[in-house]
Amino acid sequence: MKKNTRKLLLRKYAVILLLSALSVLYLYLTDWMLGYGLGNISYILNYLLYTASEKLTAAALLLLLIIPDAIYWVRGNQPGRGAEK
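Per my numbering, the very first residue in the sequence shown carries number 80; after that it's consecutive.
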């Protein structure tokens, strides 16, 4: 069970990284095609997380994504699915 859980978690984060890379590539390609230049994304990123509350919220959401998966990675099992039976 531990090996299967770890494989699923690795697959989950591989898909997240792949989709993130494709999204950033799409942004750069679209900006280049529309004539904004490749520096436009770095200009926009300066205003992405502008206030402290936005930074705190983004950090909390990132922790809520990673911490349960880290626990499942160490323990090797996921919560039971008794309601589905």
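Glycine included, each C-beta is placed from N, C-alpha and C at the ideal position.
Own chain partners of Leu106 with C-beta closer than 8 Å, once the 5 adjacent residues on each side are dropped: Ile120
Backbone secondary structure at Thr130 - three-state DSSP: coil
Between the CA atoms of Pro147 and Leu140 - distance to the nearest angstrom: 12 Å
For Tyr151 and Leu88, believed in contact at Cβ under 8 Å, the rounded distance: 6 Å
Range of the contiguous alpha helix (DSSP H) that encloses Tyr105: Lys81 to Leu113
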